[in-house]
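Right, one structure below, let's go through it.
Numbering (our numbering), first residue to last: 1 to 175.
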């Protein structure tokens, strides 16, 4: 019999989902690529940066995606991504409600990117939204871990300011 979907479970799921999304940007900025594989992304995922770089959304594995990020992120001297205003779309725990194993999160995100070698200045700032689909993995929960992992990572660019040459190192995303 499935565990009840009560207020405590709902709040724990929201906290775990929030931690997974926060871990996404923190692990990117700390260049903790193992953390992205272990704590953030599901084994299979879709990555969509088409609003920033064109191309097509990529269906990939967490390990292949993170491996492709490593050389791109190494070209930055520093990055700071700030994710905020998370709207976590989970159903309320009403009588008879079943605990969800998937959800969507929409969050504001800003990126501050610094690359000293960029022609024209070292800074680029941008802002937009992440639209993230997450899935709950019960086997992780049974081991006492946060069970929520990102299965779709979509970045929607809204604005940018600064030197676009700073971004040339990551322009291959989706190509």
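Positions of the beta carbon are idealized from the N, C-alpha and C atoms, including for glycine.
Just so you know, these numbers come straight off a predicted model, no measurement behind them.
Indicate the three-state DSSP secondary structure (helix, strand or coil) for residue 97 in the structure shown.
coil
Given this structure, state the Cα-to-Cα distance separating residue 113 from residue 167, to the nearest angstrom.
8 angstroms
Could you tell me whether the region 125-135 touches the region 155-163, using the rule of 3 or more Cβ pairs below 8 angstroms?
yes
Candidates 130, 101, 102 and 90: which alpha carbon is nearest residue 111's?
130
Assign residue 23 to buried or exposed, taking buried as 16 or more other Cβ atoms, counted over all protein chains shown, within 10 Å of its Cβ.
buried
Rounded distance between the beta-carbons of residue 105 and residue 82, thought under 8 angstroms
Residue 82 to residue 105, Cβ: 15 angstroms. No contact.
Please return the same chain residues whose Cβ sits closer than 7 angstroms to the Cβ of residue 31, not counting the five positions on each side in sequence.
73
Out of 121, 132, 152 and 69, which has the shortest C-alpha to C-alpha gap to residue 163?
121
Tell me whether residue 107 is buried or exposed, calling it buried when 16 or more other Cβ atoms sit within 10 Å of its Cβ.
buried
Coil, strand or helix - residue 129 by DSSP:
strand
Please state if the CB of residue 40 and the CB of residue 136 are separated by a distance shorter than 8 angstroms.
no
Cβ-Cβ distance between residue 119 and residue 48 below 8 angstroms
no
Taking residue 10 as part of the alpha helix (DSSP H), name the residues at either end of that continuous run.
7-29
Could you pull out every unbroken beta strand (DSSP E) segment of at least 3 residues lying fully inside the region 67-91, listed in chain order?
78-89
How is residue 121 classed by DSSP in three states: helix, strand or coil?
coil
Would you decide whether residue 95 is buried or exposed? Buried here means 16 or more other CB atoms lie within 10 Å of its CB.
exposed
Would you give the residue range spanned by the beta strand (DSSP E) that residue 44 belongs to?
41-48
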